[in-house]
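Asker: Note that our numbering has the sequence shown beginning at 557, numbered continuously upward. Built from N, CA and C at the ideal position, the CB exists for glycine as well. It should be emphasised that the depicted structure is a prediction, and the values quoted were computed from it without experimental measurement.
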Amino acid sequence: MDDRYKLLKPGHRIVDLGAAPGGWCQVAVDRTGSTAADVRVVGIDYLTVEPVAGATILLMDFLDDAAPDKLMETLGEAPDIVLSDLAAPTTGHRPTDHIRTMHLCDVAADFAIRTLKPGGHFLAKTFQGGTERELLTLLKRHFVSVHHVKPPASREGSVELYILAKSFKGKRAEVENLQDEVEDPRVHDQADEEAGPLG
Ligand SMILES: C[S@@+](CC[C@H](N)C(=O)[O-])C[C@H]1O[C@@H](n2cnc3c(N)ncnc32)[C@H](O)[C@@H]1O
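#1: Would you say L717 and H704 are within 7 angstroms of each other, going by their C-beta atoms?
#2: May I have the straight-line CA-CA distance separating P708 from P624, to the nearest angstrom?
#3: Taking L639 as part of the beta strand (DSSP E), name the residues at either end of that continuous run.
#4: Residue range of the beta strand (DSSP E) that T682 falls in?
#5: Could you pull out every residue in the same chain whose Cβ sits closer than 6 angstroms to the Cβ of T612, ignoring the five residues on either side in sequence?
#6: Considering only residues of the region 619-664, which uninterrupted beta strand (DSSP E) runs meet the minimum length of 3 residues and lie entirely inside it, listed in chain order?
#7: Go ahead and label K632 buried or exposed: buried means 16 or more other beta carbons lie within 10 angstroms of its beta carbon, across all protein chains shown.
#8: Return the first residue and the last residue of the beta strand (DSSP E) that K562 is part of.
#9: Does DSSP classify H698 as helix, strand or coil?
#10: Within 6 angstroms: the Cβ of D621 and any heavy atom of ligand 1?
#11: So is S640 buried or exposed if we call it buried at 16+ other beta carbons inside 10 Å?
#12: Let me see if you follow: with CB-CB separation under 7 angstroms, is Q582 close to chain C or not?
#13: When DSSP labels each residue in this structure, what does A721 get in the three-state scheme?
#14: Are the CB atoms of V663 and V571 within a distance shorter than 7 angstroms?
#15: Expressed to the nearest angstrom, what Euclidean distance is found between the alpha-carbon atoms of P566 and F678?
#16: Is A643 near ligand 1 - that is, is its Cβ less than 6 angstroms away from at least one heavy atom of it?
#17: With hydrogens ignored, establish whether the beta-carbon of A576 is closer than 6 angstroms to any heavy atom of ligand 1.
#18: Check whether the Cβ atoms of G574 and D601 lie closer than 7 angstroms to each other.
#19: With DSSP collapsed to three states, give me the class of V595.
#20: Span of the beta strand (DSSP E) holding D572?
Printed below as a string of C-alpha cells:
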C-alpha cells in the first residue's frame with residue numbers, strides 16, 4: 557500500500573497498532589530511517605513480537621485505558637501516521653466478529669484524531685463491506701480525503717479492506733465543526749450524504 561500511496565517518509569513518526577508479527581514495523585523502520593538511538597516507530601500488540609531493530613513494540617492491549625498515553629510517551633512527539641492492522645481473533649460467529657473489528661477500528665480512529673500532527677494520515681483495517689457510515693462521517697470531518705483501499709497483497713478472494721484518511725485537518729477542524737453544529741443543526745445529514753458513495 558505504501559508503494560502506491562507513498563505515506564511513509566524519512567523522519568516520520570509512526571504508530572503501528574496491532575504490530576505482531578512485525579511486518580509493518582519493519583517496512584516503517586526502513587522507510588522512516590528509525591534507529592535504536594532515535595526511535596520513530598512504536599508498535600503495540602498483546603502478542604509477543606520478535607524485536608525489530610529501530611522500533612519499540614509495546615506488549616500491551618491497545619484497549620487498555622493506559623495504552624494511548626504509553627504509546628505517546630514512547631514516541632515522544634505526535635505521530636505523522638497512525639497505522640492500524642488490528643484484527644480480533646475470529647469466533648466464526650459473523651456478527652460478533654463484525655462488531656469486534658468495528659470497535660477496534662473506532663478506537664484506532666479516535667486515537668488518530670486525538671494524537672496526529674496536522675497533515676498526518678490514518679490507515680486502518682476495516683470490515684467486510686466497508687466502513688460504517690458513522691465512522692466515515694467522523695473521518696471526513698477531520699481529514700481532507702477518505703478512501704477505501706484494497707491492497708494487492710491481500711489474499712485472493714479475501715475480504716480484507718482498509719480505510720485511508722489523508723491530511724488530518726488538526727484541532728482547528730474540531731472547533732470549527734462544533735461551531736457548525738451550533739449554527740447549523742443539519743450538518744449531520746449533509747455529512748452523511750457525502751459519505752454515501754465511498755466504497
Ligand atoms: C493482522 S495482525 C497484524 C499484522 C501486522 N500488521 C504485520 O505486518 O505483521 C493483527 C494483530 O492485531 C492484534 N490485536 C488485536 N486486538 C488487539 C488489541 N486489543 N491490542 C493489541 N493488539 C491487538 C493481534 O494480536 C494481531 O497480532
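Answerer: With the structure as the only source:
#1: Start at 1 with the first residue of the sequence shown, and residue 717 comes out as number 161. Start at 1 with the first residue of the sequence shown, and residue 704 comes out as number 148. Contact: yes.
#2: For the purposes of this step, residue 708 is taken as residue 152 along the sequence shown, with counting starting at 1. For the purposes of this step, residue 624 is taken as residue 68 along the sequence shown, with counting starting at 1. Cα to Cα, the separation comes out at about 31 angstroms.
#3: Translated into positions along the sequence shown, residue 639 becomes position 83. L639 -> beta strand (DSSP E) spans 637-640.
#4: Reading the sequence shown from its first residue, position 126 is the one you call residue 682. From DSSP, the beta strand (DSSP E) with T682 extends over 677-682.
#5: What you label residue 612 is simply residue 56 of the sequence shown in a count that begins at 1. The residues are V595, V598, T630.
#6: 637-640
#7: Position 76 of the sequence shown, counting from 1, holds the residue named residue 632. According to the sequence displayed, residue 632 carries Gly and not Lys. It counts as exposed.
#8: Here residue 562 refers to the residue found at position 6 when the sequence shown is read from its first residue. That residue, K562, is in no beta strand (DSSP E); it is neither H nor E in DSSP.
#9: Counting from one through the sequence shown, the residue named residue 698 turns up at place 142. Note: H698 maps to helix in three-state DSSP.
#10: Taking the first residue of the sequence shown as position 1, residue 621 is located at position 65. No, ligand 1 has no heavy atom inside 6 angstroms of this Cβ.
#11: Stepping through the sequence shown from its first residue, residue 640 is reached at position 84. With 16 or more Cβ atoms within 10 Å of its Cβ, S640 is classed as buried.
#12: The structure shown contains no chain C; it holds only a single protein chain.
#13: As a first step, residue 721 must be located in the sequence shown, where it is residue number 165. Looking at A721 - three-state DSSP - the assignment turns out to be strand.
#14: Counting from 1 along the sequence shown, the entry for residue 571 is found at position 15. Counting from 1 along the sequence shown, the entry for residue 663 is found at position 107. For V571 and V663, no; Cβs fall outside 7 angstroms.
#15: Mapped onto the sequence shown, residue 566 falls at position 10. Mapped onto the sequence shown, residue 678 falls at position 122. Approximately 17 angstroms, taken between the alpha carbons.
#16: As a working note, residue 643 is residue 87 in the sequence shown. Answer for A643: yes, Cβ within range of ligand 1.
#17: Taking the first residue of the sequence shown as position 1, residue 576 is located at position 20. Yes; taking the cut-off as 6 angstroms, the Cβ of A576 has a heavy atom of ligand 1 nearer than that.
#18: Here residue 574 refers to the residue found at position 18 of the sequence shown. Here residue 601 refers to the residue found at position 45 of the sequence shown. Result yes, Cβ atoms of G574 and D601 sit closer than 7 angstroms.
#19: Against the sequence shown, residue 595 aligns to sequence position 39. Here V595 sits in coil by DSSP.
#20: Translated into the one-based positions of the sequence shown, residue 572 becomes position 16. Its beta strand (DSSP E) spans residues 570-573.
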